[in-house]
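Structure first, then comments.
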Amino acid sequence: MSDAETEQRMLRAAIDMVNRSGLTVSLDHISFEDIIRDAGVARSAVYRRWPYKDLFFSDLLKELARGSSPAIANDNRAAIEAVRSAILERLDWLGDPDLRRALVAEVLRRGALEEFTVFRDSPEWRTYLALHATFRSLPDGELRREMGGALAESEQGLIARLAGAYEQAASLLGLRLRPELNSSFAALARLSSATIRGLVIMAPSNEAISDQRVWATPFGTPEPAEWSEPALGMAGLAVSFLEPDPEIEWDERRTETVRHTLTSGEWPAT
């Protein structure tokens, strides 16, 4: 087995172990010998690559900070499907500019709860969120700088993907950013991500975040529906950023374009 393969198997085994047991502000609860056993590699090869276990744990923290787990790097398919079905079931709203904006709220009424649930229940996401606290506890030095750089790069990728998804959805529904905000879809993505992460962090000691439901008609939605707290928070944020594009004259052709886009596998574009 090559040194490179040994390295990858060790890091993969350690990441799996962290995801199972959780991440604290240190990695003292993770056994180096257990990682070697789970990785199925020779101890001699491991100690040739990392003469001291602290060197391995430094590399592990940097690998975790890259957010390369599929659960983090890939789109949330359940949330995407919730968005797609919400729009297809409300195509009759598209001809009215105010209802197009309300449709954003309806989309997030469904999609935000899916997103929250994935963040809350995913071991990979729990590890990734805990990693930010671990980073803050590190002393100044090379490891902190390298880990900070890896986290920043990972965050930029996550925000870019989320901003692109918001921009695609807004374009599809004939919406634009409110010009008076002088803002961007990236800003909306950062705030949305911070909202969901904050809710996930608070949820264990605030059961209402997960369980509370209200029957309401917020954000211009014409029909009463059941709203969760994550949905109210995310929809309120999105609606405050978006408005109908006054240059768009909606017609049946546009509605059919939306239908085709959502049923042909063309959305979301990657």
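All residue numbers for the sequence shown refer to the UniProt record's numbering, where the first residue is 1 and numbers rise by one.
From the three backbone atoms N, C-alpha and C, an ideal C-beta is built for every residue, glycine too.
- Rounded to whole angstroms, residue 48 and residue 133 show a C-alpha spacing of 31 Å.
- Here residue 143 is near residue 61, since their CB atoms are less than 9 Å apart.
- Contact annotation: residue 258 and residue 172 have beta-carbon atoms nearer than 9 Å.
- CA-to-CA, the gap between residue 146 and residue 43 works out to about 27 Å.
- Counting C-beta pairs with one atom in each stretch, the region 30-41 and the region 5-21 have three or more that are closer than 8 Å, which means they touch.
- Residue range 43-49 is occupied by the alpha helix (DSSP H) that includes residue 46.
- When 158, 129, 97, 127 are compared, the shortest CA-CA separation from residue 248 is found for 97.
- Judged by pairs of C-beta atoms under 8 Å, the region 195-213 does not touch the region 174-187, as fewer than three such pairs exist.
- Judged by DSSP in its simplified three-state form, residue 94 adopts coil rather than helix or strand.
- In the structure shown, residue 177 adopts extended strand secondary structure according to DSSP, grouped into three states.
- When Cβ pairs closer than 8 Å are counted between the two stretches, the region 75-90 is seen not to touch the region 227-243, the count staying below three.
- Within its own chain, the residues whose Cβ lies closer than 6 Å to the Cβ of residue 111, once the five positions on either side in sequence are excluded, are 79, 82, 83, listed in chain order.
- Nearest Cα to residue 226 within the set 191, 255, 105, 261: 105.
- The residue from 58, 103, 245 with its alpha-carbon nearest to that of residue 150 is 58.
- In the three-state scheme derived from DSSP, where H, G and I count as helix and E and B as strand, residue 227 is classed as strand.
- Membership of residue 125 in the alpha helix (DSSP H) is indicated by the continuous run 123-137.
- Comparing C-alpha distances from residue 66 to each of 237, 138, 148, 264 shows the shortest one belongs to 148.
- Sequence-distant partners of residue 190 (beyond 5 residues in either direction) whose C-beta falls short of 7 Å from its own C-beta, in its chain, are 159.
- Straight-line measurement puts the Cα of residue 53 at about 47 Å from the Cα of residue 266.
- Straight-line measurement puts the Cα of residue 95 at about 11 Å from the Cα of residue 253.
- Residue environment analysis places residue 50 among the buried positions, since at least 16 neighbouring C-beta atoms fall within 10 angstroms of its C-beta.
- By the Cβ-count criterion, residue 107 is buried, with 16 or more other Cβ atoms from all chains shown falling within 10 Å of its own Cβ.
- With a beta-carbon spacing of about 6 Å, residue 268 and residue 168 fall inside the 8 Å limit used to define contacts.
- Taking residue 218 as the centre and dropping the five residues before and after it, the same chain places the C-beta of 105, 227, 232, 235, 236 closer than 8 Å to its C-beta, in chain order.
- For residue 154, the closest alpha carbon among the candidates 184, 128, 243, 140 is that of 128.
- At a cut-off of 4 residues, the continuous stretches assigned as alpha helix (DSSP H) that sit fully inside the region 179-220 are 185-202, 207-211.
- Counted as a single uninterrupted DSSP element, the beta strand (DSSP E) harbouring residue 243 occupies residues 242-244.
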